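Positions in the sequence shown are counted from 1; adding 1 to them yields this note's numbering.
Note that CB positions come from ideal geometry on N, CA and C, so glycine has one too.
Every value quoted in this text rests on a predicted model; they were computed, and no experiment measured them.
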Amino acid sequence: MTHQPMPDERIVPNPAEEAYWAGLRHALMLDPTVTYLNNGSFGPCPKIVFDVVVESMRRLQSQPFQQFLREIPQAVRASKEKLGAYVGANPDDFAFVMNLTIGMNMVAGGLDFERGDEILTTDQEYGAVNNCWNYLAERQGLTIARVAIPSPPESEDQIVDIVASGITPRTKALLVSHITTTTGLIMPVKRLAQAARERGVLSVIDGAHAPGMIPLNVEDSGADFYIGNCHKWLMAPIGTAFLHARPESQKLLHPTIVGWGLTWDALRRVIAADQSDMYRLFEFLGSRDLSPFAGVGAAVDFQRGIGIDRIAGRGRRLARYARTRLLDAIPGVTLLTPWDERLSGSLTAFTMPTLTERDLMAEVWDRFRMQILGRVTENPEVTRCRLSTHYYNTYEDIDRFIEILHELGAGR
Ligand SMILES: Cc1ncc(COP(=O)(O)O)c(C=O)c1O
């Protein structure tokens with residue numbers, strides 16, 4: 002079901018708005034000769050955020066012992082409080098982790114399963130996350146059941162029906178992305194978590210793309226475990242993510258990396274900044290440089306200065322413009338992302354005949370210095386292309402992309 006936009010839905014850029022966003026783009030460190038339409042892989046961080054990290058790294062070298070045990074943990078805790086307020090999570094209920102992959106492994110490896118248990122998930126999950134659960138399933142004799150979500154789906158109701166009907170008496174956990182990497186679909190995670198809970202199933206949400214793309218309230222999602230990335234749409238330093246566990250679900254999660262944090266005895270004598278069990282068991286993981294986490298607070302401040310509704314609105318307008326232009330200009334484009342604004346945000350995925358992964362990744366970068374994402378699908382004949390439109394992107398970026406597609410012979 003591909004909806005064609007009506008003429009009154011067409012977007013005309015507003016010069017004052019464009020000037021505002023251009024000012025923000027200058028606060029980033031992106032190379033001005035590069036067109037970056039791939040925020041969904043890694044977000045560029047504002048210079049002010051980068052400076053906080055570098056300053057923290059510098060201070061660490063000035064007196065490693067005091068900085069590591071006292072000063073940096075306080076800065077990290079301050080970041081955690083800001084992040085918690087921004088994404089609707091009590092700072093005591095989440096641990097900072099390096100990335101989503103690590104947080105997901107902590108959940109998969111930290112829960113008790115029995116041979117024969119089933120994990121229910123969808124056909125739109127991220128490859129590394131699939132690997133994590135498939136590997137666990139193989140080692141522990143679990144089954145992975147995968148429901149197919151249409152691209153695009155018709156409604157939230159349809160998604161909930163498909164997922165809920167996949168739950169069986171053997172299902173122990175439901176794993177879904179909040180925003181899917183393959184099609185940019187925003188899943189109704191609150192309804193899915195509720196459907197899981199009603200059937201005695203734990204919910205695990207891959208929130209790689211939600212923080213900083215759309216308004217987010219982790220507690221309100223009702224998920225037992227929610228892992229979110231800070232280094233994509235929140236544009237915090239690379240190597241920053243969080244693992245949130247509802248208070249009632251924390252006791253179900255065992256640490257898989259065990260060090261001083263196993264008990265409070267030793268830790269309380271040296272660390273005063275963060276007294277939560279999530280910190281002790283999932284964040285205090287031996288000697289490492291925590292400076293990137295010190296920068297998360299600055300990334301939150303930066304986004305708060307703009308406003309998440311304004312950011313989400315900008316991303317959606319650019320995405321809508323991109324989708325309209327693609328359908329208008331490139332014969333044969335099949336849009337995978339829904340038009341419905343409850344079901345999609347700042348990611349746009351589509352397929353089109355003739356272009357290959359090589360064209361979209363190597364040619365587009367080498368010849369035109371534009372970064373997008375192109376991946377061959379399960380069907381080797383079909384390549385899926387994904388555009389990320391964050392607030393710093395422009396309508397010209399999208400026009401340029403369309404021109405490049407023409408130059409590459411798309412749709413011919
Ligand atoms: C949906 C989804 N999950 C997980 C990840 C992995 O994130 P990370 O590389 O931070 O572990 C990504 C990264 O693109 C993603 O898109």
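Give the DSSP bridge partners of residue 172, in chain order. As a first step, residue 172 must be located in the sequence shown, where it is residue number 171. Beta-bridge pairing links residue 172 to 119.
Every unbroken alpha helix (DSSP H) inside the stretch 38-123 [4 residues or more]: The qualifying runs are 48-63, 73-88, 101-111.
Per-residue DSSP class, three states only, for residue 227: Stepping through the sequence shown from its first residue, residue 227 is reached at position 226. In this structure, residue 227 counts as strand in the three-state DSSP scheme.
Examine ligand 1 and report whether any of its heavy atoms sits within less than 8 Å of the Cβ of residue 280. Within the sequence shown, numbered from 1, the residue matching residue 280 stands at position 279. Incorrect: residue 280 has no Cβ contact closer than 8 Å to ligand 1.
State the start and end residues of the unbroken alpha helix (DSSP H) segment that holds residue 407. The residue you call residue 407 lines up with position 406 of the sequence shown. Start and end: 396-408.
Are the beta-carbon atoms of residue 125 and residue 181 separated by less than 9 Å? As a position in the sequence shown, residue 125 is number 124, starting the count at 1. As a position in the sequence shown, residue 181 is number 180, starting the count at 1. Yes.
Can the beta-carbon of residue 185 be found closer than 9 Å to that of residue 378? Position 184 of the sequence shown, counting from 1, holds the residue named residue 185. Position 377 of the sequence shown, counting from 1, holds the residue named residue 378. No, the pair does not count as a contact, with Cβ atoms beyond the cut-off.
Quick check: is any heavy atom of ligand 1 less than 8 Å from the C-beta of residue 389? Your numbering for residue 389 matches position 388 in the sequence shown. For ligand 1, not one heavy atom lies less than 8 Å from the Cβ of residue 389.
Following a CB-centred definition, is residue 207 positioned closer than 8 Å to any heavy atom of ligand 1? Within the sequence shown, numbered from 1, the residue matching residue 207 stands at position 206. The answer is yes for residue 207.
In the DSSP output, what is residue 13 paired with across the bridge? Within the sequence shown, residue 13 is the residue found at index 12, counting from 1. According to DSSP, residue 13 bridges with nothing at all.
Check: residue 346 C-beta below 8 Å from any heavy atom of ligand 1: Here residue 346 refers to the residue found at position 345 when the sequence shown is read from its first residue. Residue 346 Cβ: outside cutoff for every heavy atom of ligand 1.
Which residues DSSP lists as bridging residue 179, in chain order: Taking the first residue of the sequence shown as 1, we reach residue 179 at position 178. Answer is none; residue 179 lacks a bridge partner.
Would a C-beta distance cut-off of 9 Å place residue 15 and residue 101 closer than the cut-off? Reading the sequence shown from its first residue, position 14 is the one you call residue 15. Reading the sequence shown from its first residue, position 100 is the one you call residue 101. Annotated as distal: residue 15 and residue 101, with beta-carbon spacing of 9 Å or more.
Within the same chain, show all residues whose beta-carbon is closer than 7 Å to that of residue 248, passing over the 5 residues directly before and after it, in chain order. By one-based count along the sequence shown, residue 248 stands at place 247. When the five nearest sequence neighbours on each side are left out, the beta carbons in the same chain lying within less than 7 Å of the beta carbon of residue 248 are those of 94, in order along the chain.
What residues in its chain sit with their C-beta under 7 Å from that of residue 169, if we drop five residues either side in the sequence? Position 168 of the sequence shown holds residue 169. So the list reads 119, once near-sequence residues are dropped.
With hydrogens ignored, establish whether the beta-carbon of residue 178 is closer than 8 Å to any heavy atom of ligand 1. Start at 1 with the first residue of the sequence shown, and residue 178 comes out as number 177. Using a cutoff of 8 Å, the CB of residue 178 counts as near ligand 1, since one of the ligand's heavy atoms is closer than that.
Can you tell me the Cα-Cα spacing of residue 364 and residue 292, whole angstroms? Position 363 of the sequence shown, counting from 1, holds the residue named residue 364. Position 291 of the sequence shown, counting from 1, holds the residue named residue 292. Distance from the CA of residue 364 to the CA of residue 292, rounded to the nearest whole angstrom, comes to 36 Å.
Beta-carbon contacts of residue 83 that lie in its chain and below 6 Å, excluding the five residues immediately before and after: Position 82 of the sequence shown, counted from the first residue, corresponds to residue 83. If the five residues before and after residue 83 are omitted, its C-beta is found closer than 6 Å to the C-beta atoms of 298, 301, all from its own chain and listed in chain order.
Could you say which of 252, 273, 136 lies nearest to residue 106 if we only look at CA atoms? Reading the sequence shown from its first residue, position 105 is the one you call residue 106. Ranking the options by Cα distance to residue 106, first place goes to 136.
Tell me whether the stretch 39-59 and the stretch 186-206 touch, counting them as touching only if at least three CB pairs, one residue from each stretch, are closer than 8 Å. The answer is no - the stretch 186-206 does not touch the stretch 39-59, with fewer than three Cβ pairs under 8 Å.
Compute every distance between the C-beta of residue 37 and the non-hydrogen atoms of ligand 1, then say whether any falls below 8 Å. For the purposes of this step, residue 37 is taken as the residue at position 36 of the sequence shown. Checking every heavy atom of ligand 1 against the Cβ of residue 37, none is found closer than 8 Å.
For residue 23, which residues in the same chain have their Cβ closer than 8 Å to its Cβ, ignoring the five residues on either side in sequence? The count along the sequence shown starts at 1 and reaches residue 23 at position 22. Hits under 8 Å: 395.
Output the distance between the C-alpha atoms of residue 123 and residue 50, rounded to the nearest integer angstrom. Taking the first residue of the sequence shown as position 1, residue 123 is located at position 122. Taking the first residue of the sequence shown as position 1, residue 50 is located at position 49. Rounded to the nearest angstrom, the two C-alpha atoms are 35 Å apart.
Report the residue ranges of all alpha helix (DSSP H) runs contained in full by the stretch 260-329; include only those spanning at least 4 residues, in chain order. Uninterrupted alpha helix (DSSP H) stretches at least 4 residues long and entirely within the stretch 260-329 occur at 265-271, 278-283, 292-295, 297-307, given in chain order.
Under 6 Å Cβ to Cβ from residue 273, same chain only, skipping five residues before and after it: list those, please. Locating residue 273 in the sequence shown gives position 272, counting from the first residue. Excluding positions up to five away in sequence, the list is empty.
Is it true that the CB of residue 313 sits closer than 9 Å to the CB of residue 214? Position 213 of the sequence shown, counted from the start, is the residue given in the question as residue 214. Position 312 of the sequence shown, counted from the start, is the residue given in the question as residue 313. In this structure, residue 313 lies closer than 9 Å to residue 214 by Cβ.
What is the rounded straight-line gap between the Cα of residue 64 and the Cα of residue 201? Indexing the sequence shown from 1 puts residue 64 at position 63. Indexing the sequence shown from 1 puts residue 201 at position 200. So the two alpha carbons sit approximately 50 Å from each other.
Is residue 107 a contact residue of ligand 1, with contact defined as CB to any heavy atom under 8 Å? Along the sequence shown, read from residue 1 onward, the residue named residue 107 stands at position 106. No; taking the cut-off as 8 Å, the Cβ of residue 107 has no heavy atom of ligand 1 nearer than that.
My understanding is that residue 175 touches residue 217, with C-beta atoms under 8 Å, so please give their C-beta distance in whole angstroms. As a working note, residue 175 is residue 174 in the sequence shown. As a working note, residue 217 is residue 216 in the sequence shown. Rounded, the Cβ-Cβ distance is 19 Å, inconsistent with contact.
Comparing alpha-carbon positions, which option in 98, 62, 66 lies nearest residue 77? Numbered from its first residue, the sequence shown carries residue 77 at position 76. Residue 77 has its Cα closest to that of 98, out of 98, 62, 66.
Take residue 149 as the anchor and find which of 183, 212, 139, 134 has the nearest alpha-carbon. Residue numbering aside, residue 149 sits at position 148 when the sequence shown is read from its first letter. Per the Cα distances, 183.
Reduced DSSP category for residue 412 - H, G, I as helix; E, B as strand; rest coil: Counting from one through the sequence shown, the residue named residue 412 turns up at place 411. Under the three-state reduction of DSSP, residue 412 is assigned to coil, being neither helix nor strand.
Expressed to the nearest angstrom, what Euclidean distance is found between the alpha-carbon atoms of residue 402 and residue 325? Walking along the sequence shown from the start, residue 402 turns up at place 401. Walking along the sequence shown from the start, residue 325 turns up at place 324. One C-alpha to the other measures close to 13 Å.
Contact between the stretch 246-262 and the stretch 53-64 (3+ Cβ pairs under 8 Å): Judged by pairs of C-beta atoms under 8 Å, the stretch 246-262 does not touch the stretch 53-64, as fewer than three such pairs exist.
With a threshold of 7 Å on Cβ separation, who are the neighbours of residue 410 within its own chain once the five nearest residues in sequence on each side are excluded? Locating residue 410 in the sequence shown gives position 409, counting from the first residue. If we look at residue 410 and ignore the five residues flanking it on each side, its Cβ neighbours are 355.
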